[in-house]
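Below is one structure, written out as structure tokens, with a few remarks after it.
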Amino acid sequence: MVELGPAFSPGWLPVTILSTIGILTVLYAVQCLYSFLTLHLLTSKYPLNNYKRGGSECTHALITGASAGIGLSIGKALVKQGFGVILLGHLPDELAQAKTLLQKLAPNAQVRVIVMNARTATPSEMDSAVQSLSDLQVSILVNNIGGMPIKLPPFRMFATYSCDDIDATINQNNRFMARLTTLMLPLLTKKEGGGRSLILNLSSAAYVGMPYLVMYGATKGFVNSFSSGLARELCSPNTPETNHIDVLAIIPGEVHSQGNAHGVSASEPTSDVFAECIVRKAENAVKRNKRELRPWMMHDFQDWVLSLLLEGIRTREIGKALEYKKDCFNGVWEKSMKDR
Ligand SMILES: NC(=O)c1ccc[n+]([C@@H]2O[C@H](COP(=O)([O-])OP(=O)(O)OC[C@H]3O[C@@H](n4cnc5c(N)ncnc54)[C@H](OP(=O)(O)O)[C@@H]3O)[C@@H](O)[C@H]2O)c1
């Protein structure tokens with residue numbers, strides 16, 4: 010009879026399996042931590058340089074919702090990197106002010122404006138606006154417009170939404186973005202002078218589904234799915250002519266902005282700081298084949314923790330946070346109604 014040596018004692022198989030699982034888990038955790046830290050801490054000296062066309066002409070970015078908040082801040086960050094910008098918004102005076110501000114910040118910056126209401130623009134108006142850019146080299150599209158264009162108060166139970174509220178939210182957060190993207194693809198596909206093209210779509214941490222923000226969160230889920238699908242389609246080997254176009258969903262948590270001015274902790278980033286993070290980290294995220302980028306390190310960490318929670322706990326914690334947010338926003342609205 011053959012005798013097994015000490016290495017083959019009866020418990021050796023489970024011990025070996027468990028230690029292999031343990032080692033693989035530790036390696037995976039180390040890899041995740043390394044990837045998380047390098048994404049957030051190692052940023053490029055020349056951000057988005059790969060998205061500049063060669064030659065003497067300036068490369069442009071079209072930014073929607075660019076007269077205030079994160080959109081305007083992205084404009085500031087891009088002109089500092091030498092891009093020209095096209096600011097799209099619905100209020101001519103605010104756009105003119107934004108243009109003056111950017112030209113003060115970067116005196117040589119090329120800045121154009123497009124006046125357009127994302128909720129009501131017709132396809133032919135949008136097509137004419139895009140055609141008006143055909144003399145420019147445009148390599149970046151930032152689909153930033155988004156919000157809750159519903160009857161006030163802003164934080165409400167879904168049962169109180171009218172059909173108009175539902176349509177307005179979809180039109181502003183999704184329909185405009187999808188239409189503009191398809192109209193812009195021919196311009197982004199052109200690559201005379203080399204370089205890549207980039208589409209950034211502003212989503213929100215609310216995509217996970219939030220009470221009092223059901224429609225807003227659902228439209229942001231659309232933004233994520235739209236971005237991943239488009240990214241995978243454009244990089245397909247069957248369409249080499251679009252392989253240079255990258256697509257990334259940007260997922261903010263709380264950011265101080267014109268539209269988010271109540272119930273935001275002082276530790277959250279301002280729109281300027283947040284936009285700098287987007288510009289510094291987007292290329293790095295694309296190189297790692299990411300479809301989503303949470304540019305602010307703490308938002309990235311919070312979303313990861315949230316994903317680990319059991320559903321009962323997650324529902325309770327999201328509910329508490331949204332009750333607070335609702336009281337802050339609706340409280341300001343109720344006060345303004347009383348003061349009238
Ligand atoms: N701030 C946050 O904490 C946060 C969090 C998660 C996601 N996000 C997302 O990030 C994006 C930017 O948010 P934000 O807080 O910077 O917004 P914001 O401060 O409200 O600014 C929105 C910009 O879009 C313009 N705009 C609004 N409605 C428009 C319309 N119908 N047509 C054309 N332009 C319009 C606004 O112009 P006017 O000033 O003239 O109205 C403004 O320039 C949005 O997609 C938002 O959902 C923000």
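Taken in order, the sequence shown gives residues 10 to 349; the numbers are from the working numbering. Using N, Cα and C, we set each Cβ at its ideal position, and we do this for glycine too.
By Cβ distance below 7 Å, which residues in the same chain neighbour residue i in space, the five residues on each side in sequence not counted?
i      : result
Gln311 : Gly262
Val88  : Val94, Leu111, Leu114, Ala115 and Ala118
Ser76  : Leu96, Gly98, Leu100, Glu103, Leu104 and Ala107
Thr279 : His265
Asn293 : Leu48, Thr52 and Ser53
Leu192 : Met135, Asp136 and Val139
Ser236 : Asn210, Val256, Leu257, Ala258 and Arg300
Gln90  : Pro56, Leu57 and Val288
Arg128 : Pro158, Ala177, Asn180 and Gln181
Asn233 : Ser212, Tyr216, Ala258 and Glu301
For residue i, which of the options has the nearest alpha-carbon?
i      : options                           : result
Gly340 : Leu161, Asn180 and Leu222         : Leu161
His49  : Arg323, Ile287 and Ala168         : Ile287
Glu201 : Phe45, Gly20, Arg62 and Ser276    : Arg62
Ser65  : Leu57, Gln146 and Thr131          : Gln146
Ala240 : Val314, Arg297, Tyr43 and Phe45   : Arg297
Ile259 : Ile208, Thr248, Ala227 and Ala275 : Ile208
Thr228 : Arg165, Asn183 and Gly268         : Asn183
Ile123 : Pro158, Phe167, Ala70 and Ser171  : Ala70
Ala130 : Gln90, Trp21 and Arg188           : Arg188
Phe231 : Gly268, Asn180 and Ile254         : Asn180
Gly80  : Gly155, Ala330, Glu326 and Val314 : Gly155
Thr324 : Ser143, Asn153, Tyr221 and Leu27  : Tyr221
Asn153 : Pro23, Ser28, Met186 and Gly20    : Met186
Lys199 : Asp174, Pro163, Ser316 and Ile149 : Ile149
Ala330 : Phe164, Pro246 and Val120         : Phe164
Asp144 : Met125, Gly238 and Arg121         : Arg121
At the level of alpha carbons, what is the spacing between residue i and residue j?
i      : j      : result
Gln40  : Arg205 : 28 Å
Leu196 : Phe338 : 40 Å
Tyr37  : Val151 : 33 Å
Tyr216 : Thr248 : 30 Å
Ala86  : Ala270 : 21 Å
Gly73  : Glu277 : Inspection of the sequence shows that residue 73 is occupied by Thr rather than by Gly. The alpha-carbon atoms of Thr73 and Glu277 are separated by roughly 23 Å.
Met166 : Thr68  : 44 Å
Leu302 : Leu42  : 16 Å
Pro304 : Lys290 : 7 Å
Thr169 : Val223 : 11 Å
Gly268 : Ala275 : 16 Å
Met356 : Thr178 : No statement about residue 356 is possible, as the shown extent of the chain runs from 10 to 349 and does not include it.
Ile322 : Thr190 : 38 Å
Asp314 : Phe45  : According to the sequence displayed, residue 314 carries Val and not Asp. Going by the C-alpha atoms only, they are around 13 Å apart.
Leu33  : Leu27  : 10 Å
Leu318 : Val35  : 20 Å
Gly203 : Phe92  : 15 Å
Asn59  : His308 : 26 Å
Leu22  : Gly31  : 14 Å
Leu142 : Gly84  : 17 Å
Glu343 : Ile175 : 22 Å
Leu194 : Thr109 : 29 Å
Ile327 : Thr25  : 41 Å
Ser316 : Gly238 : 22 Å
Ile254 : Met125 : 25 Å
Ser133 : Val295 : 32 Å
I'd like to confirm the pairing. Which residues does DSSP put opposite residue i in its beta bridges?
i      : result
Ile258 : A quick correction: the sequence has Ala, not Ile, at residue 258. Answer is Asn210 and Glu301, bridged to Ala258.
Val264 : Note: Val264 sits in no beta bridge, so no partner.
Gly93  : His69
Val139 : Note: Val139 sits in no beta bridge, so no partner.
Gly98  : Val124
Gln362 : With the chain running from 10 to 349 in the structure shown, residue 362 is simply not present.
Val151 : Ile72 and Leu209
In the DSSP assignment, find the alpha helix (DSSP H) that holds residue i and state where it starts and stops.
i      : result
Asn293 : Ser280 to Lys296
Asn233 : Val223 to Leu243
Gln311 : Met306 to Leu317
Phe185 : Phe185 to Thr198
Gln40  : Trp21 to Leu50
Thr178 : Cys172 to Ile179
Can you name, in chain order, every residue of its own chain whose Cβ lies under 6 Å from the Cβ of residue i, other than the five neighbours on each side?
i      : result
Cys244 : Asn252
Ser82  : Ser280, Asp281 and Ala284
Met306 : His49
Is residue i near ligand 2, judged by its Cβ being under 7 Å from some heavy atom?
i      : result
Glu301 : The ligand content of the structure shown is limited to ligand 1, which means ligand 2 is not among them.
Among the residues of its own chain, which have a CB less than 8 Å from the CB of residue i, if the five just before and after it don't count?
i      : result
Gly272 : Tyr333, Lys334, Asp336, Cys337 and Phe338
Gly226 : Ser213, Ala215, Tyr216, Val217, Gly218 and Met219
Glu250 : Thr198
For the beta strand (DSSP E) holding residue i, just list the boundary residues, first then last.
i      : result
Asn339 : Note, Asn339: premise wrong, no beta strand (DSSP E); alpha helix (DSSP H) at Glu320 to Asp348.
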